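S.K.:
There are 4 protein chains.
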Amino acid sequence: MTTSEALSEATLRDYIARFSNWGRWGEDDEIGALNLITPACIARAARLVTQGRSISLTLPYDAFGPQNGGFRPNPQLLTTATGTDHLGGAQDPLPGGWGPAKGFGYADDTVILPTQAGTQWDALSHIFYEGRMWNGRSAAEVTSKGAAHNGIEKLTGRIVTRGVFLDLATWKGVETLEPGYAITPDEVDTYCADKGIAVESGDALIVRTGFMSARRAAWGDYSGGAAPGLSLTMAPWLYDHEIAAVATDTWGVEVRPNEIPVFQPLHLVSLVHGGIPFGEIFDLDALAVDCREDGVYVFMFVASPLPITGAAGSPVSALALK
Amino acid sequence: MTTSEALSEATLRDYIARFSNWGRWGEDDEIGALNLITPACIARAARLVTQGRSISLTLPYDAFGPQNGGFRPNPQLLTTATGTDHLGGAQDPLPGGWGPAKGFGYADDTVILPTQAGTQWDALSHIFYEGRMWNGRSAAEVTSKGAAHNGIEKLTGRIVTRGVFLDLATWKGVETLEPGYAITPDEVDTYCADKGIAVESGDALIVRTGFMSARRAAWGDYSGGAAPGLSLTMAPWLYDHEIAAVATDTWGVEVRPNEIPVFQPLHLVSLVHGGIPFGEIFDLDALAVDCREDGVYVFMFVASPLPITGAAGSPVSALALK
Amino acid sequence: MTTSEALSEATLRDYIARFSNWGRWGEDDEIGALNLITPACIARAARLVTQGRSISLTLPYDAFGPQNGGFRPNPQLLTTATGTDHLGGAQDPLPGGWGPAKGFGYADDTVILPTQAGTQWDALSHIFYEGRMWNGRSAAEVTSKGAAHNGIEKLTGRIVTRGVFLDLATWKGVETLEPGYAITPDEVDTYCADKGIAVESGDALIVRTGFMSARRAAWGDYSGGAAPGLSLTMAPWLYDHEIAAVATDTWGVEVRPNEIPVFQPLHLVSLVHGGIPFGEIFDLDALAVDCREDGVYVFMFVASPLPITGAAGSPVSALALK
Amino acid sequence: MTTSEALSEATLRDYIARFSNWGRWGEDDEIGALNLITPACIARAARLVTQGRSISLTLPYDAFGPQNGGFRPNPQLLTTATGTDHLGGAQDPLPGGWGPAKGFGYADDTVILPTQAGTQWDALSHIFYEGRMWNGRSAAEVTSKGAAHNGIEKLTGRIVTRGVFLDLATWKGVETLEPGYAITPDEVDTYCADKGIAVESGDALIVRTGFMSARRAAWGDYSGGAAPGLSLTMAPWLYDHEIAAVATDTWGVEVRPNEIPVFQPLHLVSLVHGGIPFGEIFDLDALAVDCREDGVYVFMFVASPLPITGAAGSPVSALALK
């Protein structure tokens with residue numbers, strides 16, 4: 000119905016008016032659409048685990064990640080104790096008054112991790128629209144001390160539900176959807192019908208565009224540049240289908256360049272007003288191989304963010320369990 | 000049989016000789032006892048999820064954690080974009096050539112995270128004995144660049160199995176076991192018999208001493224000081240029962256001071272030679288409440304570390320699913 | 000004349016009205032009282048260097064510094080290459096396509112440095128009063144990206160002038176002035192008369208309370224707690240004497256608790272409105288020894304901050320040259 | 000005499016044998032050639048300051064520096080308090096029990112600084128040759144805890160001497176010497192004769208190739224790539240002239256590619272064995288302009304590194320004072 004061609008800033012305001020969940024789960028709510036994940040959703044998801052297989056959906060956190068040294072550096076691992084120190088006798092005696100090593104040695108390290116640099120969940124404090132974030136709270140609550148409300152730690156333990164895998168790249172027979180390609184409700188519906196998937200309330204939508212596969216060898220502008228992704232018109236669809244969370248293999252979930260002259264409008268509708276956490280830079284290639292082999296595109300999705308108090312996002316060890 | 004009184008450095012060498020798994024899963028193995036988690040273990044664990052409840056076992060990562068500013072600082076969250084910036088007009092236009100904000104605002108941040116500072120898994124590269132780590136590899140492989148083998152990223156996706164909860168503090172009717180208290184096989188067996196738990200190959204053992212509850216309000220020397228924990232005599236028990244992973248609510252799993260004049264000898268036997276990942280600083284209080292209520296002490300345990308390439312450990316969002 | 004007893008919030012407003020330098024050096028000025036350091040000041044300072052001695056005024060930047068793990072951690076040094084790696088053969092071949100090492104080895108590291116954690120200059124962007132900083136600029140210019148104006152980098156190269164050393168602890172024959180002790184203009188004038196020092200326009204005032212000596216072995220609440228320091232009544236004195244910069248061996252220059260119920264009022268008058276950079280946590284003990292020996296309390300003071308773009312402060316290798 | 004064409008690995012060994020200073024200043028010495036800076040050198044340098052001008056030689060430390068995101072990231076400034084927070088009311092009351100703000104606001108931040116990322120001095124613990132560093136100490140002393148000896152903090156306060164400026168780019172009438180161009184003793188002698196400079200014991204040599212000017216707009220492989228620089232044949236010259244320190248506007252002082260198949264051989268002779276600190280990534284463009292104007296190529300050089308305990312290098316606010 001609505002096509003990209005017809006979209007405008009008016010669409011954004013219309014969508015916000017019609018598809019907001021502010022107040023739906025109370026004035027104090029800080030977890031948004033994750034409220035849709037009921038105990039029944041968790042139990043139903045667990046019943047999908049019959050083969051006993053765990054597939055990681057997380058890109059390694061290291062200097063070879065997709066960031067190019069600008070706004071967000073790649074994760075840096077720095078050491079404070081090493082095996083070479085142990086071998087060189089530098090750990091005898093041990094620090095901290097722990098006494099002689101007598102054969103004991105250890106390695107230790109620190110990681111500097113921009114929370115949005117790799118596979119990550121956006122917190123509901125990550126994005127604002129006209130001074131407000133999820134559930135109408137003021138952006139003034141997100142300061143240099145972090146978020147007083149809606150921080151990522153509120154989502155810890157909450158992202159356990161059925162995952163529905165939209166491997167659009169494989170389905171369309173391409174290595175990757177092209178930058179600028181907008182994924183629409185029609186296409187998603189056709190895909191689900193083709194796979195025999197009935198989307199249910201509380202599901203997590205996991206979308207593979209193939210863009211990570213195509214750029215993995217040489218990231219270029221993978222992070223921050225043009226990309227395939229969800230059309231703004233997916234906002235009503237996500238709302239109507241009561242999707243709890245969305246994750247993609249791109250840096251920003253949405254199609255880039257955006258379809259209207261506002262930056263990341265789907266974030267503004269579905270994350271800020273819908274309360275749906277967005278997962279970005281998920282590595283879905285192993286899952287794609289697995290699903291091509293067994294033909295099963297639904298699974299138990301366990302992807303709980305770290306409780307980094309007040310953070311705008313978190314790295315995550317996301318798993319598809321079958 | 001073996002009592003703490005009879006333990007000596009000779010015990011350590013004897014245990015290493017008898018309870019090593021080096022070579023058991025091939026010369027190239029880097030995941031150790033996690034090999035014991037078979038597909039059947041994962042499927043069996045998932046069948047325990049009937050009530051649809053998710054309980055987080057992770058302490059918040061922030062400045063109020065248990066580290067006291069010495070060897071390992073608490074996690075630090077530092078901001079690169081805030082809601083107050085958005086409100087102050089500092090994000091219009093957006094960086095990166097993204098153009099005018101038109102109502103769009105965002106928060107962003109970086110976390111500095113010593114990998115062993117909070118709830119965490121020890122990698123099999125974390126501990127050495129006489130120059131060697133898990134599976135006989137040289138400590139020389141763990142340099143300032145991180146671990147070439149046995150790094151924490153090898154364990155990502157692997158820690159999904161049945162969790163067996165030993166809430167010893169509640170069971171003994173104390174707030175906490177005292178520093179120096181050694182948990183022995185006899186006690187564990189009595190507990191399991193009392194709860195009707197049959198430990199099985201591939202299980203994860205989750206041990207609550209109550210020490211975190213007792214120190215949470217004022218950490219003091221919680222990290223690095225004397226603590227209750229597993230006796231060295233648990234090494235044969237862990238081996239015989241084919242335990243895949245062990246986690247506790249203390250900083251170092253083992254009783255401190257150690258029972259013999261070698262630092263952390265259980266690490267040397269069960270982690271270095273047994274290949275069992277140790278989980279430390281787990282927050283087990285919510286789980287204790289939950290288990291007291293439903294009387295169910297086994298659950299699906301999902302606790303996959305982040306794939307931080309080459310790291311000696313990783314924070315983790317650990318979950319008990321029922 | 001004015002005594003501490005008579006001070007009030009009205010004094011603060013009065014001082015601000017009378018001792019502000021806003022606009023004095025033009026609307027665009029970002030270096031404040033450092034404008035008082037003329038070429039003649041620099042040349043005059045250099046002429047004081049006759050003995051050829053350099054005395055460092057900087058505390059080591061390391062984990063043993065005065066911060067206690069709360070708001071500002073001590074500096075952390077983390078390694079990325081070590082001599083033990085070199086010895087262990089881990090650097091052969093070298094990274095970056097640099098080829099075989101052939102005997103070459105190296106160490107490398109990264110420091111995480113809270114800019115206010117140790118010996119440091121406050122930037123003119125460090126403090127605000129009622130929404131404004133030096134020269135009337137809005138606090139809105141200091142965001143998560145740093146300071147658009149008045150950042151510490153503007154002061155680089157500028158702090159080269161005559162230093163006048165007020166070693167009040169030695170002069171009064173005490174190890175340290177006590178916390179809460181307020182240094183007044185009368186006392187400073189008496190000291191200068193006693194030492195035969197005529198303070199001149201563009202001088203830097205270096206004040207030793209002895210508080211660092213007294214707390215160095217066990218810092219306690221040295222950082223952030225009660226401390227001896229300058230009285231608010233020094234504000235007119237600093238203005239009248241055209242002092243270019245002030246540094247002390249305490250964490251905050253001013254006496255703490257403050258003399259009026261406003262936090263750090265001397266900062267509000269002399270830094271925010273006077274444009275005088277404040278130097279804190281300077282280590283003046285070696286200088287005290289040196290001056291007791293030669294009786295010379297004026298010297299060339301070279302203490303240029305690092306040009307950390309937009310930072311609110313900077314570590315500094317401050318030198319007294321004689 | 001010796002030309003690049005005739006150089007070989009044998010030259011390296013010959014130079015090390017002939018131009019080493021190990022033991023020259025005692026077995027315990029940790030400052031190397033800085034011993035050559037006598038009180039007379041300092042006083043002589045100060046006498047050069049007649050015009051009262053201070054010229055910064057340091058590149059800004061920020062995200063726009065010469066590192067390209069690989070081995071060493073550019074400095075990162077991260078905020079912990081901002082003016083926008085102050086304006087947004089987020090600082091009232093103040094943290095730390097400091098009470099109500101009453102108009103007081105502040106900014107604070109942390110810098111993550113790879114010690115070799117920008118303008119910096121190499122410590123005498125930065126480079127090893129066959130397991131040894133300056134004065135014969137073992138590389139085993141440089142561990143994940145930093146350098147037990149020869150760390151950069153030993154050089155704090157020591158680099159105050161006469162600077163001799165070799166602005167070779169301007170002198171030769173080029174924007175920059177080309178990558179691979181080796182600066183030889185003959186050329187340096189000719190330059191000094193032309194400028195009427197008599198190099199003296201204890202001088203610091205400041206060499207401008209022009210390479211930073213040429214690459215500043217687009218750094219490319221400035222850091223780590225091919226570069227103009229000192230020939231290995233400068234080693235005898237530096238030794239014979241008793242140069243205390245050398246700094247250039249390139250990333251590694253030496254010509255790259257190196258003249259012999261050993262990585263950075265001049266470091267191995269003159270830094271490891273000669274004990275001469277090397278300064279890298281110095282920004283010498285403002286100095287070049289200044290010297291072209293007044294024709295004075297010698298000055299007081301004050302460039303004291305921060306005392307970062309055990310570090311392999313340090314950022315520095317280097318000044319030329321005239």
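Protein chains in written order, with numbering that gives the first Met the number 0: chain A, 0 to 321; chain B, 0 to 321; chain C, 0 to 321; chain D, 0 to 321.
From the three backbone atoms N, C-alpha and C, an ideal C-beta is built for every residue, glycine too.
Given the structure is predicted, the values throughout are model-derived calculations rather than measurements.
Would you report the Cα separation of residue 319/C and residue 161/C, rounded to the nearest angstrom?
M.R.: Between residue 319/C and residue 161/C, the C-alpha separation is close to 9 Å.
S.K.: Taking residue 126/A as the reference, give the member of 106/A, 149/A, 144/A, 108/A with the closest Cα.
M.R.: It is 149/A whose Cα lies nearest to the Cα of residue 126/A.
S.K.: What does residue 97/D touch in chain C if you count any residue whose Cβ is under 7 Å from its own?
M.R.: Ordered by position in chain C, the residues that pass the 7 Å Cβ test against residue 97/D are 262.
S.K.: Compute the Euclidean distance between the alpha carbons of residue 168/B and residue 55/C, then round it to the nearest angstrom.
M.R.: So the two alpha carbons sit approximately 55 Å from each other.
S.K.: If residue 222/C and residue 67/C are in contact, beta carbons under 8 Å, what's the gap, nearest whole angstrom?
M.R.: That belief holds up - the Cβ atoms of residue 222/C and residue 67/C are roughly 7 Å apart, short of 8 Å.
S.K.: If you measure from the beta carbon of residue 314/A to each beta carbon in chain D, is any gap under 8 Å?
M.R.: Output row for residue 314/A: interface = no.
S.K.: Given a limit of 7 Å on CB to CB distance, which residues of the region 61 to 92 of chain D reach chain B?
M.R.: If the cut-off is 7 Å between Cβ atoms, the region 61 to 92 of chain D has 77, 78, 79, 81, 83, 84, 86, 87, 89 near chain B.
S.K.: List, in order along the chain, the chain D residues whose C-beta lies closer than 8 Å to that of residue 109/B?
M.R.: Those are 75, 77, listed as they occur along chain D.
S.K.: Does the structure place the region 18 to 34 of chain C close enough to the region 15 to 34 of chain D that three or more beta carbon pairs sit under 8 Å?
M.R.: Counting Cβ pairs under 8 Å, fewer than three are found: no touch.
S.K.: Closest Cβ-Cβ distance between residue 143/C and chain A: below 8 Å?
M.R.: Chain A, which has a Cβ nearer than 8 Å to the Cβ of residue 143/C, makes this yes.
S.K.: Identify the contact partners of residue 299/C in chain D, using a Cβ-Cβ distance below 8 Å as the criterion.
M.R.: Result: 45.
S.K.: Run down chain D in chain order and give the residues with a C-beta less than 9 Å from the C-beta of residue 148/C.
M.R.: Those within 9 Å of residue 148/C in chain D number zero; the least Cβ separation is about 10 Å.
S.K.: If we cut at 8 Å on Cβ distances, does residue 139/C have a partner in chain B?
M.R.: Cβ-Cβ to chain B under 8 Å: yes for residue 139/C.
S.K.: Can you list the residues of chain C that residue 54/D reaches, using a CB-CB cut of under 9 Å?
M.R.: Correct list: 156.
S.K.: In the DSSP output, which residue or residues are listed as bridge partners for residue 110/B?
M.R.: According to DSSP, residue 110/B bridges with 112/A, 76/B.
S.K.: Buried or exposed: residue 251/B, going by 16 or more other Cβ atoms within 10 Å of its Cβ?
M.R.: Burial call: buried.
S.K.: Please confirm if residue 279/D has its CB atom under 8 Å from at least one CB of chain C.
M.R.: Not one chain C Cβ lies under 8 Å of residue 279/D.
S.K.: Go ahead and label residue 189/A buried or exposed: buried means 16 or more other beta carbons lie within 10 angstroms of its beta carbon, across all protein chains shown.
M.R.: Exposed is the call here.
S.K.: With a cut-off of 8 Å, do at least 3 Cβ pairs link the region 118 to 133 of chain C to the region 149 to 159 of chain C?
M.R.: The answer is yes - the region 149 to 159 of chain C touches the region 118 to 133 of chain C, with three or more Cβ pairs under 8 Å.
S.K.: Could you work out which residue in 253/B, 132/B, 187/B, 109/B is closest to residue 179/B when comparing CA atoms only?
M.R.: If we check each option's Cα against that of residue 179/B, 253/B comes out closest.
S.K.: Can you tell me which of 311/A, 141/A, 187/A puts its alpha carbon nearest to the alpha carbon of residue 86/D?
M.R.: Residue 141/A is the option with its Cα nearest to residue 86/D.
S.K.: Does any CB atom of chain C fall closer than 8 Å to the CB of residue 94/D?
M.R.: By this cut-off, residue 94/D is an interface position.
S.K.: Assign residue 276/D to buried or exposed, taking buried as 16 or more other Cβ atoms, counted over all protein chains shown, within 10 Å of its Cβ.
M.R.: The residue is buried, with at least 16 neighbouring Cβ atoms inside 10 Å.
S.K.: Can you give me the start and stop residues for the alpha helix (DSSP H) that residue 235/B sits inside?
M.R.: Residues 233 to 239.
S.K.: Does the beta carbon of residue 228/D come closer than 8 Å to any beta carbon on chain C?
M.R.: Answer no: the Cβ-Cβ gap between residue 228/D and chain C never drops below 8 Å.
S.K.: Output yes or no for whether 8 Å exceeds the beta carbon distance between residue 80/B and residue 143/C.
M.R.: Taking 8 Å as the Cβ cut-off, residue 80/B and residue 143/C qualify as a contacting pair.
S.K.: Would you list the one or two residues that DSSP bridges to residue 121/A?
M.R.: Answer is 312/A.
S.K.: Whole-angstrom Cβ separation of residue 255/C and residue 219/C, contact assumed at under 8 Å?
M.R.: Going by Cβ atoms, the distance from residue 255/C to residue 219/C rounds to 14 Å, so no, they are not a contact pair.
S.K.: Pull up the distance between the alpha-carbon of residue 46/A and that of residue 97/C, whole angstroms please.
M.R.: Distance between the alpha carbons of residue 46/A and residue 97/C: 54 Å.
S.K.: Helix, strand or coil: which one does DSSP assign to residue 258/B?
M.R.: Three-state DSSP puts residue 258/B in coil, outside helix and strand.
S.K.: Quick check on residue 292/D: buried or exposed, where buried means 16 or more other Cβ atoms within 10 Å of its Cβ?
M.R.: By the neighbour-count rule (16 or more Cβ atoms within 10 Å), residue 292/D is not buried but exposed.
S.K.: Have a look at 313/C, 305/C, 207/C and flag the residue whose alpha-carbon is nearest the alpha-carbon of residue 172/C.
M.R.: Here the closest residue by C-alpha is 207/C.
S.K.: Please name the residue, chosen from 135/A, 104/A, 75/A, 84/A, that lies closest to residue 109/C on a Cα-to-Cα basis.
M.R.: Nearest option by C-alpha distance: 75/A.
S.K.: Hey, how far is the Cα of residue 6/A from the Cα of residue 269/A?
M.R.: Near 16 Å, if we compare the C-alpha coordinates of residue 269/A and residue 6/A.
S.K.: When every heavy atom of the ligand HEM is checked, does at least one fall within less than 7 Å of the C-beta of residue 182/D?
M.R.: Absence of the ligand HEM is noted for the structure shown, with no ligands found whatsoever.
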